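Q:
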Amino acid sequence: MYQKGVSRTLLKDIKFHGGNIDLNRNSVRASEEVVTGDELTITLPPEIANDNVAVSNEPIEICYEDEHFLVVNKPAYMATVPSRVYSNDTLVNRVKGYYQRQGYESQVTHVVTRLDRDTSGLVIFAKHHFAHSVLDRELKEHKIKKLYTAVVMGHLQQKHGLIDLPIVREPGSFIRREVPADSKGRRSITEYWVIKSLRDATLLRVQLHTGRTHQIRVHFSTLDHPLVGDVLYGGSCSGYMQRQALHCSSISFFNPFKDQQIEVMAPLPKDMAAYLEQESRKL
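My numbering puts the sequence shown at residues 1013 to 1295.
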């Protein structure tokens, strides 16, 4: 069970919060040993939705859904989770509204992965605490694979590269991050592949091997190749691209409930597609 992300600590947590564990139709403790052929049934505890999270009935674009997980394609200019600034129409608000319209028993929105407000692409939600805990473990073990499509300014010398530079919060700023001069900070690893060279920019496929705030944006800015449209880190807006040209286009994770690797893809949003078409004409 541990190999599938189900730990003894997680089972104890389920029991503590009112759930139950049955082994061969008998209630048992989380420490009970199991052998091949045993029938294990886990009854999840009830979850109470947070009434302070507003409901939005605006639509969401669902790219994958089963009884345990939901993967949504987040548009740009939308926060993932509510805050003081954005409280009523974030992705979480919309997902809660979707759960209500579908009549789901649990309307708690467990956000597994997040994206910056101006970054578009795939976001995973777990439909219950158990599923959330399983994917949290996968995140910590770097088993959730996220691929991004990005456009950076200028031309990279290497067709493939691995950026291994630490990231810290910039002194005096609540938002900006930076690569420190003294090499202190949290290790951050970004891998990239050049897809296409444009006249003044480069289209990339990017994979995160760590998940730091603004990691892709900071790393390429440090290389003097900021993302097109990323004015926070030195990029310039251009034509259709009035925000950072960054889209989470692919995500994969292991679903232990189905014993299956799930892979989900999302097409480029209209602004990035239009920008790339515009720039391709200049070649």
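We put the beta carbon where it would ideally sit given N, CA and C, even for glycine. None of these values were measured; they are calculated from a predicted model.
Restricting to Cα atoms, I'd like to know which of D1101, A1061, C1075, Y1076 is closest to Q1112.
A: Nearest option by C-alpha distance: A1061.
Q: Leaving out five residues before and five after R1041 in sequence, what residues of the same chain have Cβ atoms less than 8 Å from its Cβ?
A: K1027, I1033
Q: Out of L1177, Q1256, A1286, P1071, which has the shortest C-alpha to C-alpha gap to Y1160?
A: Q1256
Q: Let me know the beta strand (DSSP E) ranges lying completely inside the region 1161-1242, each 3 residues or longer, listed in chain order.
A: 1172-1176, 1201-1209, 1213-1220
Q: Measure the C-alpha to C-alpha separation of N1105 and E1182 and round it to an integer number of angstroms.
A: For N1105 and E1182, the distance between alpha carbons rounds to 30 Å.
Q: Between the C-alpha atoms of A1138 and H1144, what's the straight-line distance to the nearest angstrom?
A: 5 Å
Q: Are the region 1220-1233 and the region 1092-1104 touching by the rule of at least three beta carbon pairs closer than 8 Å?
A: no
Q: Beta-carbon within less than 6 Å of M1277's beta-carbon, same chain only, minus the 5 sequence neighbours each way: which residues are those?
A: S1262
Q: Give the single residue among E1203, H1226, S1043 whose Cα lies nearest to the Cα of K1171.
A: E1203
Q: For R1296 and I1156, which I take to be in contact (beta-carbon distance under 8 Å), what is that distance rounded to the nearest angstrom?
A: Nothing can be reported for residue 1296: it is not among the residues displayed for the chain, which extend from 1013 to 1295.
Q: Identify the continuous alpha helix (DSSP H) that holds L1147 and give its terminal residues.
A: Element bounds for L1147: 1141-1152.
Q: Please tell me whether D1283 and Y1252 are closer than 7 Å, where the distance is taken between their beta carbons.
A: yes
Q: Residue range of the alpha helix (DSSP H) that M1090 falls in?
A: Note, M1090: premise wrong, no alpha helix (DSSP H); not H, not E.
Q: When the Cα atoms are used, what is the spatial distance from A1286 to A1213?
A: Their backbone Cα atoms lie some 15 Å apart in a straight line.
Q: Report yes or no: do the region 1226-1233 and the region 1181-1200 share at least 3 C-beta pairs separated by less than 8 Å?
A: yes
Q: Assuming L1216 and V1164 are in contact, meaning their beta carbons sit under 8 Å apart, how far apart are those beta carbons, in whole angstroms?
A: 6 Å
Q: Of all the options R1211, F1186, H1226, which has the alpha carbon lying nearest to the alpha carbon of R1198?
A: Cα-wise, what sits closest to R1198 is H1226.
Q: Between which two residues does the beta strand (DSSP E) holding M1277 run?
A: 1272-1277
Q: Comparing C-alpha positions only, which one of H1080, E1070, L1103 sits nearest to K1086?
A: Of H1080, E1070, L1103, the residue nearest in Cα terms is L1103.
Q: Per DSSP, what are the beta-bridge partners of E1077 in this structure?
A: L1082
Q: Candidates C1260, E1289, I1274: which alpha carbon is nearest S1250's?
A: With distances taken between Cα atoms, S1250 lies closest to E1289.
Q: Please work out which residues of its chain come closer than 8 Å, Cβ to Cβ, to L1239, disregarding the five sequence neighbours upstream and downstream, and give them in chain order.
A: A1162, V1163, V1164, M1165, I1228, R1229, F1232, S1233, Y1245, G1247, Q1256, A1257, L1258
Q: Excluding sequence positions up to five away, which residues of its chain have a Cβ less than 7 Å from the Cβ of S1209?
A: Cβ contact annotation for S1209 (same chain, cutoff 7 Å, sequence separation greater than five): H1167, in chain order.
Q: Rounding to the nearest angstrom, what Cα-Cα distance links D1148 and T1121 in this structure?
A: 14 Å
Q: Inspect the beta-carbon positions of E1150 and F1265 and report whether they are closer than 7 Å.
A: Contact flag set, yes.
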